[in-house]
Amino acid sequence: MDNITYLINPTSIAVIGASSIPKRSGNIVMKNLLNNEFDGVIMPVTKEHTSVCGILAYSSIEFLPTSPDIALVCTPRSKHVETFKQLAQVKAKAAVILSDSQVDRDINTENIAKSCLKIAKENGIRILGPDSLGIIVPWSNFNASLSPIDAHKGKLAFVSQSGAICTTVLDWAYDRDIGFSTFVSLGSSLDIQVADLLDFLANDSHTEAILIYLDSIDDARRFMSAARAASRNKRILVLKGGRSIEGQQASIAHTGGTSTLDVIYDSAIQRAGMLRVNNSHELFAAVETLTHAIPLRGDRLAIVTNGGGPAIIAVDTLIGLGGNLSVLSQSTLDALGKILTDTWSKSNPIDIHGDSDYHRYSEVLKVLMDSDCCDAILLMCSPSVTADGLQTAKEVVSTIKNHPRHRKFNFLTNWSGERSAHAARIHFTQAGIPTYRTAESAVTAFMHLVNYKRNQQQLMETPTTIEAVDKGKLLLAKDWIKNIRSNKNVIHLDTHQICPFFELFGLEVLPNYIADDSSEAIHLAEKLGYPVAVKLRSVDIQHKSSVQGVMLNLRNSDEVAHAVDAILDRAHWYDPSAHINGVLVQKMAKSLDFEELRIQVKTDPIFGPSIFIGQGGANWDISADSICGLPPLNTALAKNLIIQAMQKGKIRQYRDQNTIDIDGLAQILVTISQMIIECPEIVDLDIHPLLTKGTRFIILDANLSIAGHQTSPRQRLAIRPYPKELEESVTLKDGREILIRPILPEDEPYHANFIHNVSREDLYKRFFSHVGEFDHEALANLTQIDFDREMAFVAVEQTQSSYSILGVSRAILASDNISSDFAVLIRSDQQGKGLGKLLMKKIIQYCQQKQVPQLSGVTMPNNSGMINMAKEFGFDIDIQFDENIAYLNLHL
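The letter at position 645 of the sequence shown is residue 645 when you use UniProt numbering, and the numbering goes up by one with no holes.
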């Protein structure tokens, strides 16, 4: 059992530093444990008292009668190292270092933390904290926290890096009877991080949704891998502090994290299939929504209101957030017309007027639920003499519950006001229907569901296949970088220098030439044809604008001569020691009527290389003017990135210009992603601008910074890219040459065809049940895998006329890497050719490289082919005929 499990579900607890003194952490946590009637062993440890809260105390950890599953450490930090030495001796499995006001000023807390972590790792003790508020697991009556507020039982897990956020959420939820499956305060995350808890909660039967408060993360690869895995099973919402530069600085001062652009966190959260909320107000609305909402069927919202003004606010909020107001069908309009007066709005929002009573709400609601014109219904009620708030709420709840189609819709309510609406909102909460004080919060909550669904759909999109960079050109590109970089110092290159590198990746650069003086510049300008632009070249003057180092639209030789001389003079005057490398001469691009975009690559200390795209311009602010994508990008991800940039106004198209070729621009982004992956020396890349017109893309200006990489080239990426190094060509018994390689998202149609060619009997042996057609979602789960914790090898045969998958082997690693489950499936008409052994060998080699101790699988006792093959590879076979299962285990 993983020791995280002992942390969440302990049977024995030691409270180190237990106390009878009120308001001491050792007293608060003891009372919380006892008040929740924890059904396990509680062992107070203190030299000051013979008993604490009526429970016999032990004077030292060494005298404990049993090994504790979890130790709650409430002592001053100066005693922590000795405490952990003793916990190791009694074989404790987990420890929570709770917040403590008794901080010794003259101690080195960092050294103490490192010493404690070293002892813990050597002895398998997992640490929550330091500075943790604690942990609450209501389903186990387990409250090991310093919180003054308890938590109800529920299906929502909450994980927070802020103790203050924890108590605020608990206070808010308790009053609304919103419950939790698990409530964890991470504190300073010395050991246990968000990723560890996501791995646990993803498989927790009590948890349906997860809410996270983040200040920062330290291990992007680990976080992304855990988040992507968990979001396939649970709904996850994230509130991330530090949107502004000032907020980031406050976060760093508070937690000691690293500065990362907020737009990168936006990208990471979305890429992992989670949803970000913007503030604590939205956080509370999200809790309300997640607690009660069923999975969203679509994004069409119908609004029923007894007041025009609030409905207009709701519509403005919906459209502003990218929502979709449903269109009422003619049959729905006719049905509503029979209920409402002739003066009703005859459109959505459905204004039923201020004189409406609860009967009218009920009848309109029935009409909407009888129709298929919407996916969600927002019911709004302003204080009214004719519609008592509570009575109307009761009628609405009754109407929804009694309608046979109510599970096809999401319902949200906005009963505005306080005194007249308070009881109604309580009734909705008790009935499990989300309710909100304002129209804006109700619509924002609906859009949380919509955007979450959109993020999930984007993750499941099947990308189109693109042409990989030619291997020969890729080798030339790597040689080019090797030749340019003479040492590990960062080298900055300009447009002219980068041209050969870009051309190897198929990127077009506007022709440019280098001139040392004005006379040479005139000669080159006449060769290019007027008008032209000239630009200063100097690695020592990073911003050309500092010396007016760019002169545009020069129409004759006199203008060129004057511009070059003036630029060089200003540069020498600005910095006499600067190295001036002449000027760059280019054809004026604006005369070609192109639209300008900007693409930038920056290497973040946590997330590694990140790709930014936006409109660009002289006042480009990467935080505000761009949207970010994390490599590796495929075509589906790149297209979604561009569409989001357009929707958020980061890319603005003008009516008199051609529409941007999204497919072509996506190809540019995918190429840049490939460039980053294959050439790890790239530190920064700035294309400013990228000119686009129709299907043509031309780089006008660019800067590239390269340096030696200190870590494994691919480890620097937040998401592990396709492991090309695992590709292998093999020969089958019948002499055919095939390729065994990791699976790709683009394999989805080929994988569908592969399954179609597996017999029903073979599928039954693989899945232990009769399976029908695999839909898109099922196929996406099989082909879009996280290479950090899962591997699927496909055996591919390619001829001039066909491309087919012949077999698949899979390994799914446990989150702690202590074991891996495997499976092998061969196309029924390809069996007996040695393919199964080749795929099994490939999986075993992969697990050995990952240093997984054990490989496990299950099959049916009558699957003699699989069992015999497993025996050849040295598996232990355990056949349980009563269960009709054969267990296969291999110690690696």
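Beta carbons are placed, not taken as given, at the ideal position from N, Cα and C, and that holds for glycine.
Check the Cβ-Cβ distances between N278 and every residue of chain B, and say whether any is below 7 angstroms.
The displayed structure is made up of one protein chain only, and chain B is not part of it.
Contained beta strand (DSSP E) runs [length at least 3] in the region 654 to 717, N- to C-terminal order
682 to 693, 696 to 699, 702 to 706
Leaving out five residues on either side along the sequence, give the residues of the same chain with a beta carbon under 6 angstroms from the beta carbon of D199.
The sequence position of residue 199 within the sequence shown is 199, counting from 1. If we look at D199 and ignore the five residues flanking it on each side, its Cβ neighbours are A226, S815.
C-alpha distance - E503 paired with H281, whole-angstrom precision
Translated into the one-based positions of the sequence shown, residue 503 becomes position 503. Translated into the one-based positions of the sequence shown, residue 281 becomes position 281. Rounded to the nearest angstrom, the two C-alpha atoms are 50 angstroms apart.
Tell me, to the nearest whole angstrom, how far the beta carbon of L321 is from that of A144; I am working on the premise that it is less than 8 angstroms.
Indexing the sequence shown from 1 puts residue 321 at position 321. Indexing the sequence shown from 1 puts residue 144 at position 144. About 39 angstroms separates the two Cβ atoms, so there is no contact after all.
With N889 and Q851 assumed to form a contact (beta carbons below 8 angstroms), what rounded beta-carbon distance in angstroms separates them?
Counting from 1 along the sequence shown, the entry for residue 889 is found at position 889. Counting from 1 along the sequence shown, the entry for residue 851 is found at position 851. The pair is not a contact, with the Cβ atoms about 17 angstroms apart (cut-off 8 angstroms).
Apart from the five residues on each side of it in sequence, which residues of its chain come closer than 6 angstroms, Cβ to Cβ, to V564?
Here residue 564 refers to the residue found at position 564 when the sequence shown is read from its first residue. Closer than 6 angstroms at the Cβ level, and outside the excluded window around V564, lie S518, A521, V534, V583.
P609 - partner residues in DSSP beta bridges:
For the purposes of this step, residue 609 is identified with residue 609 of the sequence shown, where counting begins at 1. Looking at the DSSP assignment, P609 forms a beta bridge with T603.
Please report the straight-line C-alpha distance between M646 and R652, rounded to a whole angstrom.
Reading the sequence shown from its first residue, position 646 is the one you call residue 646. Reading the sequence shown from its first residue, position 652 is the one you call residue 652. Roughly 6 angstroms between the two C-alpha positions.
Just to confirm the assignment, what range does the alpha helix (DSSP H) spanning P22 have?
To locate residue 22, count along the sequence shown from 1; it is residue 22. Per DSSP, P22 belongs to no alpha helix (DSSP H) and is neither H nor E.
So, using beta-carbon positions, are N35 and S140 closer together than 7 angstroms?
Indexing the sequence shown from 1 puts residue 35 at position 35. Indexing the sequence shown from 1 puts residue 140 at position 140. Contact flag unset, no.
Going by the CB atoms, is the gap between C373 and S329 shorter than 7 angstroms?
Position 329 of the sequence shown, counted from the first residue, corresponds to residue 329. Position 373 of the sequence shown, counted from the first residue, corresponds to residue 373. In this structure, C373 lies closer than 7 angstroms to S329 by Cβ.
With the cut-off set at 7 angstroms, would you say L378 and A442 are in Cβ contact?
Residue 378 sits at position 378 when you count from the first residue of the sequence shown. Residue 442 sits at position 442 when you count from the first residue of the sequence shown. Taking 7 angstroms as the Cβ cut-off, L378 and A442 qualify as a contacting pair.
Three-state secondary structure (DSSP) of N233
Taking the first residue of the sequence shown as 1, we reach residue 233 at position 233. It is coil, neither helix nor strand.
Straight-line gap, N348 to N634 (C-alpha atoms, nearest Å)
Stepping through the sequence shown from its first residue, residue 348 is reached at position 348. Stepping through the sequence shown from its first residue, residue 634 is reached at position 634. When rounded, the distance between both Cα atoms is 39 angstroms.
Coil, strand or helix - R77 by DSSP:
Walking along the sequence shown from the start, residue 77 turns up at place 77. Correct three-state label for R77: helix.
According to DSSP, simplified to helix, strand and coil, what is H572?
Mapped onto the sequence shown, residue 572 falls at position 572. The answer is helix: DSSP assigns H572 an H, G or I state.
Contact test: I699 Cβ vs the ligand HEM heavy atom, cutoff 6 angstroms
No copy of the ligand HEM appears in this structure; indeed no ligand is present at all.
In chain order, what residues of the same chain lie with their CB nearer than 6 angstroms to the CB of G179, ignoring the 5 residues before and after it?
Here residue 179 is taken as the residue at index 179 of the sequence shown, counted from 1. Excluding residues within five positions, the ones whose Cβ falls inside 6 angstroms are H152, K153, G154.
Let me know if E681 comes out buried or exposed under the rule of 16 or more other beta-carbons within 10 Å of its beta-carbon.
The residue given as residue 681 occupies position 681 in the sequence shown. Per the 10 Å Cβ criterion, buried.
Own chain partners of H496 with C-beta closer than 6 angstroms, once the 5 adjacent residues on each side are dropped:
In the sequence shown, counting from the first residue as 1, residue 496 sits at position 496. If we look at H496 and ignore the five residues flanking it on each side, its Cβ neighbours are N512, I514, L584.
Touch test, the region 354 to 370 against the region 399 to 414, Cβ-Cβ under 8 angstroms, three pairs minimum
yes
Suppose you measure from the CA of V96 to the CA of R598; what does that come to, to the nearest Å?
Locating residue 96 in the sequence shown gives position 96, counting from the first residue. Locating residue 598 in the sequence shown gives position 598, counting from the first residue. Cα-Cα distance, rounded: 48 angstroms.
Under 7 angstroms, do F158 and L237 count as touching if we go by C-beta distance?
On the sequence shown, residue 158 is found 158 positions in, with the first residue counted as 1. On the sequence shown, residue 237 is found 237 positions in, with the first residue counted as 1. No, they are not a contact pair.
Touching by the beta-carbon criterion (3+ pairs, under 8 angstroms), the region 70 to 90 and the region 123 to 137
yes
Whole runs of the beta strand (DSSP E) within the region 123 to 149, excluding any shorter than 3 residues
126 to 132, 134 to 137, 142 to 145
For A268, report the span of its alpha helix (DSSP H) as first-last.
Mapped onto the sequence shown, residue 268 falls at position 268. Looking at the DSSP string, the run of the alpha helix (DSSP H) that includes A268 is 262 to 271.
Cβ of A477 within 7 angstroms of Cβ of P310?
As a first step, residue 477 is located in the sequence shown; it is residue number 477 there, counting from the start. As a first step, residue 310 is located in the sequence shown; it is residue number 310 there, counting from the start. Result no, Cβ atoms of A477 and P310 do not sit closer than 7 angstroms.
Are the CB atoms of A314 and I303 nearer to each other than 7 angstroms?
Position 314 of the sequence shown holds residue 314. Position 303 of the sequence shown holds residue 303. Result yes, Cβ atoms of A314 and I303 sit closer than 7 angstroms.
Buried or exposed by the 16-neighbour rule on C-beta atoms within 10 Å, applied to S147:
The residue you call residue 147 lines up with position 147 of the sequence shown. With 16 or more Cβ atoms within 10 Å of its Cβ, S147 is classed as buried.
What does a CB cutoff of less than 6 angstroms around R810 pick up in its chain, not counting 5 residues either side in sequence?
Numbered from 1 along the sequence shown, position 810 holds the residue referred to as residue 810. These residues qualify, in order along the chain: A792, A823.
Mind reading off the beta-carbon distance from I699 to V509? Whole number of angstroms is fine, and I expect it under 8 angstroms.
Position 699 of the sequence shown, counted from the start, is the residue given in the question as residue 699. Position 509 of the sequence shown, counted from the start, is the residue given in the question as residue 509. About 5 angstroms separates the two Cβ atoms, so the contact holds.
Return yes when the Cβ of I541 is within less than 7 angstroms of the Cβ of A578, no when it is not.
One-based indexing of the sequence shown puts residue 578 at position 578. One-based indexing of the sequence shown puts residue 541 at position 541. Yes; because the gap between Cβ atoms is below 7 angstroms, this pair is in contact.
List in chain order: all unbroken alpha helix (DSSP H) runs of 4+ residues lying wholly within the region 428 to 502.
439 to 460, 471 to 484
Give the DSSP-derived three-state secondary structure of K93 in the structure shown.
The residue given as residue 93 occupies position 93 in the sequence shown. Coil at K93, not helix or strand.
If D734 sits next to K842, beta carbons under 8 angstroms apart, how far is it from one beta carbon to the other, in whole angstroms?
Counting from 1 along the sequence shown, the entry for residue 734 is found at position 734. Counting from 1 along the sequence shown, the entry for residue 842 is found at position 842. So it is not a contact: roughly 19 angstroms between Cβ atoms.
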